[in-house]
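If you're matching positions, the sequence shown starts at 10 in this note's numbering and goes up one per residue. Reading through the structure tokens given below for one structure.
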Amino acid sequence: MLEIDLAGDAVRASTGSMIAYTGDVTFKNAGMGGGDGLMAGLKRRAAGESVALMHCTGHGTVWFAKDAMEVLIVELNGDTLRVESEQLLALSDKLKTDVAFAGVRGASSGQGLFTTTVTGYGTVALLSAGGPPIALEVSPQFPLVVDPDAFVASQGQLNQSFVTDVSWRNLIGESSGEAFSLRFDGSGVVYIQPEER
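Right, dumping it as structure tokens:
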């Protein structure tokens with residue numbers, strides 16, 4: 010559960026995630042662009058990457074939750090976070106969201122070919138199924154490979170590529186079980202959840 014104190018400021022949160030509040034708080038749909046305008050909404054619609062957000066303003070305390078998932082708080086200091094849209098619980102209203110091409114990984118994970126980016130200065134609340142999220146560091150000496158269904162978000166100077174382990178063994182039923190993976194090279198952090206989607 011995420012608790013946010015509002016003092017005349019605003020936050021955007023996943024539509025339907027408010028479970029309780031006190032004080033004088035108003036909730037309204039952030040629009041088809043998730044609060045980033047009509048062009049952002051059109052871009053999202055064309056990409057098939059939907060983010061249903063509500064705009065919460067006023068004075069009071071609001072509690073947010075979704076499916077009893079764990080919540081991870083990430084601070085952005087002018088950098089960009091790439092996140093699966095369904096893993097986004099809430100974000101500071103001053104942060105900018107957009108859509109970025111995620112590569113062919115979407116074909117294997119069913120998550121789509123695009124992902125949501127969050128950029129600027131502020132706080133982001135992410136969701137993790139199956140338990141607390143795990144932050145794994147990536148460095149030039151130690152690239153990281155993850156299952157696309159466990160991926161939550163990534164942050165830093167990372168290059169993402171698609172790795173396949175499809176071979177003749179898959180055809181005769183002797184595969185290792187993980188045919189498609191995501192590889193991250195560079196410097197940064199990748200957040201994964203301990204449960205596959």
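Where is the CB? At the ideal position from N, CA and C, for every residue including glycine. All of these numbers come straight from a predicted model, not from anything done at the bench.
Helix, strand or coil at E12 according to DSSP, with G and I counted as helix: Note: E12 maps to strand in three-state DSSP.
Segments assigned beta strand (DSSP E), at least 3 residues, entirely inside the region 52-109: Listed in chain order, they are 62-73, 79-92, 97-101.
Y30 versus I13 - alpha carbon distance: When rounded, the distance between both Cα atoms is 9 Å.
Among A19, A162, L153, E204, nearest to S190 - alpha-carbon criterion: When A19, A162, L153, E204 are compared, the shortest CA-CA separation from S190 is found for L153.
Bridge-paired residues (DSSP) for I28: Answer is none; I28 lacks a bridge partner.
Supposed contact pair Q202 and V147 - C-beta distance, whole angstroms, cut 8 Å: Contact doesn't hold; Cβ gap of about 17 Å is too wide.
Close beta carbons around A109, own chain, < 7 Å, minus the five adjacent residues each side: Its chain contains R91, F123, T124, T126 as the residues whose beta carbon lies nearer than 7 Å to that of A109, once the 5 sequence neighbours on both sides are disregarded; these appear in chain order.
Bridge-paired residues (DSSP) for E146: For E146, which the question treats as bridged, DSSP gives the partners V198.
Residue environment, D107, which counts as buried when at least 16 other CB atoms sit within 10 Å: Here D107 is buried. Its C-beta has 16 or more other C-beta atoms within 10 Å.
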